[in-house]
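Encoded as structure tokens, the structure appears first; notes follow it.
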Amino acid sequence: MPSNFFHRKDAYVIAEVGQNHQGSLEEALRYISVFAGLGADAIKFQMRNNRILFDDLVYNDLYNSENSFGSTYGEHREALELDYSSYLALRERCSHCKVDFIVTPFDEISLSACISLEVNALKVASFDLANIPFLDKIAKTCIPVVISSGGGH
């Protein structure tokens, strides 16, 4: 658990990387070093299992965009993901840089991975605000939680 996560009197700055690393571990590691050097308290990433989040129709749908990383939406989404060993490296870099390692899990498999990674905190995406079964699973981890409400209705 992050030291002083709940007991700070000053601002707690979370640098949102999300998937801006575009599937590159080297880029993700660079973000950690840069943001830690700028004074961030935590660096936040996202983790998802695209096969669970998207049905076959969406996953296999052609994705024709100038910003596409693949010919189908599934290929595009998979190219943006990091594997478990990459998250281990991110956790280690965060520890080395003395910043908290926060991850937004988008599904139960990703939540299990976050637990095994011993993340400092979990972030709940705003679209999961009404996902009571998922929130219940997150609450049962006893890991500190940051909840986004920006997309809530």
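Residue numbers (our numbering): 4 to 156.
For every residue, glycine included, the Cβ atom is placed at its ideal position computed from N, Cα and C.
**Study point:** Counterpart residues of Phe160 in DSSP-defined beta bridges
**Key:** Residue 160 cannot be examined here, being either before or after the span of the chain that is shown, 4 to 156.
Point to revise | Whole-angstrom distance between Leu120 and Tyr90, CA atom to CA atom | key: 8 Å
Review point. Roughly how many angstroms separate the alpha carbons of Ile55 and Tyr62, rounded to a whole number?
Key: 10 Å
Exercise for review: Look up Ala18 in the DSSP assignment and give the residues it is bridged to.
Suggested key: Ile46
Practice item. Name the residue from Tyr15, Val148, Cys117, Ser113 whose alpha carbon lies nearest to the alpha carbon of Leu132. Key: Closest by C-alpha distance to Leu132, out of Tyr15, Val148, Cys117, Ser113, is Val148.
Practice item. Using a threshold of 8 Å, state whether the C-beta atoms of Ile105 and Lys143 are closer than that. Key: The beta carbons of Ile105 and Lys143 sit no closer together than 8 Å.
Practice item. Decide if the segment 122 to 139 is in contact with the segment 62 to 82; the criterion is three or more beta carbon pairs, one per stretch, under 8 Å apart. Key: no
Point to revise | Cα-Cα separation, Ile118 to Ser74 | key: Approximately 33 Å between the Cα atoms of the pair.
Check your understanding: Rounded to a whole number of angstroms, what is the C-alpha to C-alpha distance between Tyr34 and Val20?
Key -> 7 Å
Practice item. Pull up the CB-CB distance for Val102 and Ala45, whole angstroms please, since I reckon it's below 8 Å. Key: 6 Å
Check your understanding: Expressed to the nearest angstrom, what Euclidean distance is found between the alpha-carbon atoms of Lys126 and Ala82?
Key -> 22 Å
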